[in-house]
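If you're matching them up, the sequences are chains A and B in order.
Going by my numbering, the first residue of the first sequence is number 1, and it counts up by one from there.
Going by my numbering, the first residue of the second sequence is number 1, and it counts up by one from there.
There are 2 protein chains.
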Amino acid sequence: MFIGEYKHTTDAKGRISIPKVFRDDLGESFYIAKGLDQSIFVFAQKEWDEIQEKLRSLPLTSKKGRAFTRTFNAGASKCSLDASGRILIPQNLREYAGIDKDTYVIGVGTRVEIWAKDVWEQYNEDELSYDELADSMEELGI
Amino acid sequence: MFIGEYKHTTDAKGRISIPKVFRDDLGESFYIAKGLDQSIFVFAQKEWDEIQEKLRSLPLTSKKGRAFTRTFNAGASKCSLDASGRILIPQNLREYAGIDKDTYVIGVGTRVEIWAKDVWEQYNEDELSYDELADSMEELGI
DNA sequence: ATTTTCATGTTTATCGGTGAATACAAACAC
DNA sequence: GTGTTTGTATTCACCGATAAACATGAAAAT
Numbered sequence: 001m002f003i004g005e006y007k008h009t010t011d012a013k014g015r016i017s018i019p020k021v022f023r024d025d026l027g028e029s030f031y032i033a034k035g036l037d038q039s040i041f042v043f044a045q046k047e048w049d050e051i052q053e054k055l056r057s058l059p060l061t062s063k064k065g066r067a068f069t070r071t072f073n074a075g076a077s078k079c080s081l082d083a084s085g086r087i088l089i090p091q092n093l094r095e096y097a098g099i100d101k102d103t104y105v106i107g108v109g110t111r112v113e114i115w116a117k118d119v120w121e122q123y124n125e126d127e128l129s130y131d132e133l134a135d136s137m138e139e140l141g142i
Numbered sequence: 001m002f003i004g005e006y007k008h009t010t011d012a013k014g015r016i017s018i019p020k021v022f023r024d025d026l027g028e029s030f031y032i033a034k035g036l037d038q039s040i041f042v043f044a045q046k047e048w049d050e051i052q053e054k055l056r057s058l059p060l061t062s063k064k065g066r067a068f069t070r071t072f073n074a075g076a077s078k079c080s081l082d083a084s085g086r087i088l089i090p091q092n093l094r095e096y097a098g099i100d101k102d103t104y105v106i107g108v109g110t111r112v113e114i115w116a117k118d119v120w121e122q123y124n125e126d127e128l129s130y131d132e133l134a135d136s137m138e139e140l141g142i
């Protein structure tokens, strides 16, 4: 279970140190993929397998299914921690997320997300206030 | 499992270097064929056999089945990596995909796809908007 | 037979990824 | 408070993958 918000830095080569508390849960090797809202998703192996299972069930004959599988897989890569607990964020994902140095790594329950500092802060300002979100949650039955 | 997006260049002779990470999974010899959405498909032997199996099961009486089998097989060829890890993309496929120099090689799970840079970038703009991606993910419960 | 063309091989240079070492900072124990 | 431990940041150096250029050789054309 991934929780918490951590401000880390991405180095000149595009590597970022994964918060210590996430490392065990991520395991030996895990996956990084293009996320939503200009973020990067990081999935543990188990979670990844479940997603792939769902993707396999999509009909290949459907244009939309092909498109999604394609985009999702193309934007993903397998990764593992180096000796210092870092991963390399692929360049295309760095560009997508607008990451160059100041970065946030946040735990979102089933996955980890990586955000450029500016994007994350902007998102928190722009998006619905926490109170408003709480109201919406009620609609979702939480 | 093929994943990731790699920007490579096709040389003047129509050769392109296959990403190192794909080479083992592709094996000694593999197949290149006309793909969908103006892309080129590359299949490992095993995957190729399965496709051929499916094609064989198509009723010979079906006009569309015959046509597809014909086009698919006619446009395909067996290939292998040269000493530098490159393959030669047959000219007809290069023309079909609009490839001349800047090229993307992407992993799509069960196969590799080769795209002309412009076509791939256009496809990503057109086909799968951000909202659609989000919706698809929601349907999948991600 | 000579030239031309095309496919294939080889070499070199560059750049990005990878690893290791060190420095810094925060948390904790005493 | 001081010293120790642990986690993160930074830097440097190396290695390997890719790109580009060049070389070789075979087949086709004249």
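Even glycine gets a Cβ: it sits at the ideal position worked out from N, Cα and C.
CB contact below 8 angstroms: residue i versus chain A
{"i": "A67 of chain B", "result": "no"}
7 angstroms Cβ cut-off: residues of chain B touching residue i
{"i": "A76 of chain A", "result": "I3 and G4"}
Beta-carbon proximity check, residue i vs residue j, cutoff 8 angstroms
{"i": "Y31 of chain B", "j": "Y104 of chain B", "result": "no"}
{"i": "R86 of chain A", "j": "I40 of chain A", "result": "no"}
{"i": "G75 of chain B", "j": "L88 of chain B", "result": "no"}
{"i": "D24 of chain A", "j": "F2 of chain A", "result": "no"}
{"i": "G27 of chain B", "j": "G107 of chain B", "result": "no"}
{"i": "S29 of chain A", "j": "Q45 of chain A", "result": "yes"}
{"i": "N73 of chain A", "j": "G35 of chain B", "result": "no"}
Beta carbon proximity, residue i to chain B, threshold 8 angstroms
{"i": "L36 of chain A", "result": "yes"}
{"i": "N92 of chain A", "result": "yes"}
Proximal chain A residues relative to residue i, where beta-carbon distance stays under 8 angstroms
{"i": "V108 of chain B", "result": "T69, R70, N73 and A74"}
{"i": "S136 of chain B", "result": "K64 and F68"}
Delimiting residues of the alpha helix (DSSP H) encompassing residue i
{"i": "D11 of chain A", "result": "From DSSP, D11 of chain A is part of no alpha helix (DSSP H); its letter is neither H nor E."}
{"i": "A97 of chain A", "result": "Q91 to A97"}
{"i": "A83 of chain B", "result": "Premise fails: A83 of chain B is in no alpha helix (DSSP H) and is neither H nor E."}
{"i": "A67 of chain A", "result": "K63 to A74"}
{"i": "D24 of chain A", "result": "K20 to L26"}
Boundaries (first-last residue) of the beta strand (DSSP E) holding residue i
{"i": "T103 of chain B", "result": "D102 to G109"}
{"i": "S57 of chain A", "result": "Element bounds for S57 of chain A: n/a, residue is neither H nor E."}
{"i": "L88 of chain A", "result": "R86 to L88"}
{"i": "E113 of chain A", "result": "V112 to A116"}
{"i": "A33 of chain A", "result": "S29 to K34"}
{"i": "S80 of chain A", "result": "S77 to S80"}
heavy atom of the ligand FAD below 7 angstroms from residue i C-beta
{"i": "K78 of chain A", "result": "The ligand FAD is not part of this structure, which contains no ligands at all."}
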